[in-house]
């Protein structure tokens, strides 16, 4: 929240004081409609969200001031259950369109997607062959190998190397001051 203090001081409205450290909601940034201006952004929000919540969320989480907010609740069509033949109403969807102070241009889709497709297909085939080998071994022996007996995957090897490097050299930081109560070096006050 300290990042938004610079922008928050210049705003002509009062900010909310509700602090949410572990949010129980999810907000989805939706792709713009074909003729939507780059100064507008649309979000899919929970039904309990109001205009002040989205304004405070964007200001404190992304340091993005908002000029105006419009909200819409769309009802979805009744869906027919094929098994029982009864209709039920799907929950509505709430979207909010905000007017931004600076335009945001949605990135265009890449024209050449071969690098992503190639990496995904090779990884998938490697995983499939490893699973097939393990299944054949289980069928022959009747015993499933333990995790320690299996061959270590490439992702796991890379993660292990990175963890060892960080333990030796250090160098990782999240750029936040640690509360002295949670520090190994800090003195803990006893009450």
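Numbering (my numbering), first residue to last: 76 to 266. Cβ coordinates follow ideal geometry from the N, Cα and C atoms, glycine included.
Item to check | Nearest candidate by alpha-carbon position, reference residue 99, set 120, 137, 111, 116 | outcome: 120
Item to check | At least three beta-carbon pairs within less than 8 Å, the stretch 212–223 to the stretch 234–247 | outcome: no
Item to check | Enclosing alpha helix (DSSP H) for residue 196 [first to last residue] | outcome: 189–216
Checklist entry - Is residue 76 helix, strand or coil by DSSP? => result Note on residue 76: pLDDT 43, under 50, position unreliable in the model; no value is reported.
Next on the checklist: So within the stretch 221–259, which uninterrupted alpha helix (DSSP H) runs reach at least 4 residues, ignoring any that extend past its ends?
Outcome noted: 229–244
Next on the checklist: Could you tell me the alpha carbon to alpha carbon distance between residue 227 and residue 256, rounded to whole angstroms?
Outcome noted: 38 Å
Checklist entry - Which word fits residue 313, buried or exposed, when buried means at least 16 other C-beta atoms lie within 10 angstroms of its C-beta? => result Only positions 76 to 266 of the chain appear in the structure, and residue 313 is not among them; the question remains open.
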